[in-house]
Amino acid sequence: QVQLVESGGGLVQPGGSLRLSCAASGSISRINFMGWYRQAPGKEREWVAVSISGGSTNYADSVKGRFTISRDNAKNTMYLQMNSLKPEDTAVYYCYADQVGRSWGQGTQVTVSS
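Dropping the structure here:
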């Protein structure tokens, strides 16, 4: 099982952009499913996006057209490019990887506020 470490969170104004990174401790090229969840204060964890080996991606309706998930297998890193951010995107963002079981990162805080 790979270990995952997120980075790139922070405070951004509405309409701004952030890029989150999820660095894995080992190769991600053969991991079929990697993606992102988020959890806002007082709410349940919400699935955001998935990257499927072979290049397919899928997104929650709430982020479709604004967020882009990608992988760099050479760097063993997955990314979440977030554009046109809204206050309702404020949450702790967690990356995950599905192998025999599911590995989780520790989370990175994203705050969208003026």
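Sequential numbering of the sequence shown, starting at 14, is according to this note's numbering.
All C-beta atoms, glycine included, are put in the ideal place defined by N, C-alpha and C.
Residue interval of the beta strand (DSSP E) (run including residue i)
i	result
D85	80-85
A110	104-111
R43	First-last for R43: undefined, no H or E at that position.
Q122	121-125
V18	17-20
S75	Segment: none, S75 is in no beta strand (DSSP E) and carries neither H nor E.
CB-CB length for residue i against residue j, believed under 8 angstroms
i	j	result
S116	Q14	5 angstroms
M91	F80	Actually they are not in contact, since the Cβ atoms of M91 and F80 sit about 13 angstroms apart, beyond 8 angstroms.
Y106	V123	6 angstroms
Beta-carbon contacts of residue i that lie in its chain and below 6 angstroms, excluding the five residues immediately before and after
i	result
G29	L98
E59	R51
A36	V18, T90
S34	S20, G21, T90, Y92
S83	Y92
Contacting residues, own chain, Cβ-Cβ under 8 angstroms from residue i (five flanking each side not counted)
i	result
R43	S66
Contacts around residue i, its chain only, beta-carbon distance under 7 angstroms, and the 5 residues preceding and following it disregarded
i	result
N86	I41, S42
P27	L98, K99, P100, V125, S127
V76	V61, A62
Identity of the residues DSSP links to residue i by a beta bridge
i	result
E59	R51
S64	M47, T70
Q94	R32, T81
G23	V123
task = Pair every Cβ in the region 20-38 with every Cβ in the region 64-72, then say whether three or more of these pairs are closer than 8 angstroms.
result = no
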